[in-house]
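Student: Note that my numbering has the sequence shown beginning at 4, numbered continuously upward.
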Amino acid sequence: MTTTTVSIPRGGPGLEQRRRLVTEIPGPRSRELMDRKRIAVAAGVGVSLPVFTEAAGGGVLTDVDGNSLIDLGSGIAVTGVGNSAPGVVDAVVEQVQRFTHSCFMITAYDGYVAVCEALNRLTPGDHEKRSALFNTGAEAVENAVKIARSYTGRSAVVAFDHAYHGRTNLTMALTAKAMPYKSGFGPFAPEIYRAPLSYPYRDGGVTGREAAARAIQQIEKQVGAANLAAVVIEPIQGEGGFIVPAPGFLAALVEWCRLHDVVFIADEVQTGFARTGRMFASEHEGIVPDLVVTAKGIAGGLPLSAVTGRADIMDAPHVGGLGGTYGGNPVACAAALAAIEAYEHDGLVERAAQIGDLLLERLRGLQADDPRIGDVRGRGAMIAVELVDPSTGEPDAQLTGRVAAACHAQGVIVLTCGTFGNVIRFLPPLAIGDDLLHDGLDVVAAALASS
Ligand code: PLZ
């Protein structure tokens, strides 16, 4: 009998932590694979960088051509603990050898309960809480709405301008932007209403309290508190452009919701788990949401999501009313417990805050010499620049596209976002080192200079 040794490329923090280009980006092997993708994969599934991943860890991602790229995106804010973080890998391997699935609704397992206990402990507020686990952010947002409707006996839901909550039918309705998320995919779920946000850079000095009053007046007139089950909001908007509402905006909304028995749902899918320099972004504003939706960073890259909140609200749906075949999959739960351990005990909350200071300082330095950088904003390791035409203040999506493409060509993964497509966002893994951040920002600076 002959045995073949398969060499598996190892990711994790052991991967050499530097940017290294050995081919153009994309290289020949990535281009070949992109040709196969075009034939095999539905055209609607886009790829930002036509590069195929080989391994990833710390602050880098290596591709199939041997290039090492700096990761300033974390797979859209997922790998906060780092890709293939050792604790996550060990926990997953151990669990995968025990059992891969039983369906929690058929026979239960302790990992699911332990993740719920951790979420109940870590989310804002020390009231009695319950959690339920799902697979994706969108699925968890949908379930939060189901729970709020069941609790209140009302149907209307308010979401905000620039909101992003997912791509399923209900969450498309909650999401604001038509292209690429909604266009051609309707009709959308009914009883969803949109309210104006607080967007300090484009709000002409409107305070948080004033912006909340503006939103509340519209909700009262156009929906009516008596019909409203829930208000859903990202404490810092993600896809919509990393918009940090003016201080007091979120608190005023929470206050109004309490007064009218409307369930306040914080969508912390992108902001959760140390990302913003606090375990949850709601903490920056001192708010205690009724329900908190989490996903992305929760499990170090495995698909898991959750709804956590007030026990009386969470327990409203009848037994059997919540679930799904894979929700709270045991392997994903094992990964989440290891990831949460790292967030809590490896200083990652503090690290996110430090990364934020470094990013803000460097980007504000660039802004001082470049009037096309209209705004630098965000919190912790969730920072963005909004690019504009300096003569008019109008969003400059073309410049944004050119800068992102120039970064990609130099081996730096940056993502864009924003309703107007004119925001470059930085979401590095919290496991990245300062030298990689500086190298990545040098590339961003050069890309801006040449675009
Ligand atoms: N809520 C706040 O950021 C996902 C989506 C990228 P899923 N954001 C990235 C894309 O183009 O699909 C997100 C989010 C917020 C909900 C979601 C949805 O999470 O896990 O993608 O369903």
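Just so it is clear, CB atoms sit at the ideal spot from N, CA and C, and this is done for glycine as well.
#1: Go ahead and pull the three-state DSSP assignment for G227.
#2: Which residues bound the beta strand (DSSP E) around F456?
#3: Taking 7 Å as the cut-off, is the CB of V272 close to at least one heavy atom of ligand 1?
#4: For the 8 Å Cβ check, are there 3 or more pairs between the region 240-260 and the region 274-292?
#5: Check A58 in the structure and name its three-state DSSP category.
#6: Tell me where the alpha helix (DSSP H) around L262 begins and ends.
#7: Roughly how many angstroms separate the alpha carbons of A233 and D372, rounded to a whole number?
#8: Spell out the partners DSSP gives F191 in its beta bridges.
#9: Comparing the C-beta of A216 with each C-beta of chain D, is any distance below 8 Å?
#10: Run the proximity test for H168: is its beta-carbon closer than 7 Å to any non-hydrogen atom belonging to ligand 1?
#11: So is the beta-carbon of G140 under 7 Å away from any non-hydrogen atom of ligand 1?
#12: Enumerate in chain order the residues of its own chain whose CB-to-CB distance from G304 is below 6 Å, with the five nearest sequence positions on each side excluded.
#13: Under the rule that 16 or more other beta-carbon atoms within 10 Å means buried, what is E145, buried or exposed?
#14: Is V417 near ligand 1, judged by its Cβ being under 7 Å from some heavy atom?
#15: Using CA atoms only, rank isn't needed, just tell me which of P127, I435 and A408 is closest to G312.
#16: Which ranges would you report for the alpha helix (DSSP H) in the region 346-390 if only whole runs of at least 4 residues count?
#17: Throw me the rounded Cβ distance for the A356 and G383 pair, which I believe falls under 8 Å.
#18: Closer than 7 Å: is that where the CB of A94 sits relative to any heavy atom of ligand 1?
#19: Any chance the CB of G251 is under 7 Å from a heavy atom of ligand 1?
#20: Ligand 1 heavy atoms versus the CB of V144: any closer than 7 Å?
#21: From A151 to G62, what distance separates their C-alpha atoms?
#22: So what's L418 in DSSP terms, helix, strand or just coil?
#23: Can you find the residues in the same chain that come closer than 8 Å, C-beta to C-beta, to I316, ignoring five residues on each side of it along the sequence?
#24: Could you tell me the distance, in whole angstroms, from the CA atom of G443 to the CA atom of V417?
#25: If the criterion is Cβ atoms closer than 8 Å, does the pair P199 and D164 meet it?
#26: DSSP beta-bridge partners for S134?
#27: Using 8 Å as the threshold, is the C-beta distance between A241 and C420 below it?
#28: What number of angstroms, rounded off, separates the C-alpha of V352 from the C-alpha of A121?
Tutor: Looking at the atomic coordinates:
#1: Of the three classes helix, strand and coil, the one that applies to G227 here is coil, per DSSP.
#2: No answer is possible for residue 456: the residues shown for the chain start at 4 and end at 454.
#3: Answer for V272: yes, Cβ within range of ligand 1.
#4: In short, these stretches touch, since the Cβ pair count reaches three.
#5: Residue state, collapsed to three classes: strand.
#6: Per DSSP, the unbroken alpha helix (DSSP H) holding L262 starts and ends at F252 to L262.
#7: One C-alpha to the other measures close to 44 Å.
#8: DSSP lists no partner for F191.
#9: No chain D is part of this structure, which consists of one protein chain only.
#10: Under cutoff, so the answer is yes.
#11: It does: the Cβ of G140 is within 7 Å (strictly closer) of some heavy atom of ligand 1.
#12: Residues V81 and T82 of the same chain have their beta carbon placed closer than 6 Å to that of G304, with the five preceding and five following residues left out of the count.
#13: So E145 counts as buried.
#14: Using a cutoff of 7 Å, the CB of V417 does not count as near ligand 1, since none of the ligand's heavy atoms is closer than that.
#15: The shortest C-alpha separation from G312 is found at P127.
#16: With a minimum length of 4 residues, the continuous alpha helix (DSSP H) runs that stay inside the region 346-390 are 351-372.
#17: Right, the Cβ-Cβ distance comes to about 5 Å (below 8 Å), so this counts as a contact.
#18: Answer for A94: no, Cβ out of range of ligand 1.
#19: No, the beta carbon of G251 sits no closer than 7 Å to any heavy atom of ligand 1.
#20: In this structure, ligand 1 has a non-hydrogen atom nearer than 7 Å to the beta-carbon of V144.
#21: Rounded to the nearest whole angstrom, the CA to CA distance from A151 to G62 is 39 Å.
#22: Strand at L418.
#23: If the five residues before and after I316 are omitted, its C-beta is found closer than 8 Å to the C-beta atoms of I150, A151, Y154, V266, D293 and L294, all from its own chain and listed in chain order.
#24: Taking the straight line joining both Cα atoms gives about 9 Å.
#25: Closer than 8 Å, so yes.
#26: Per DSSP, T311.
#27: It should be pointed out that residue 241 corresponds to Gly in this sequence rather than to Ala. For G241 and C420, yes; Cβs fall inside 8 Å.
#28: Cα-Cα distance, rounded: 16 Å.
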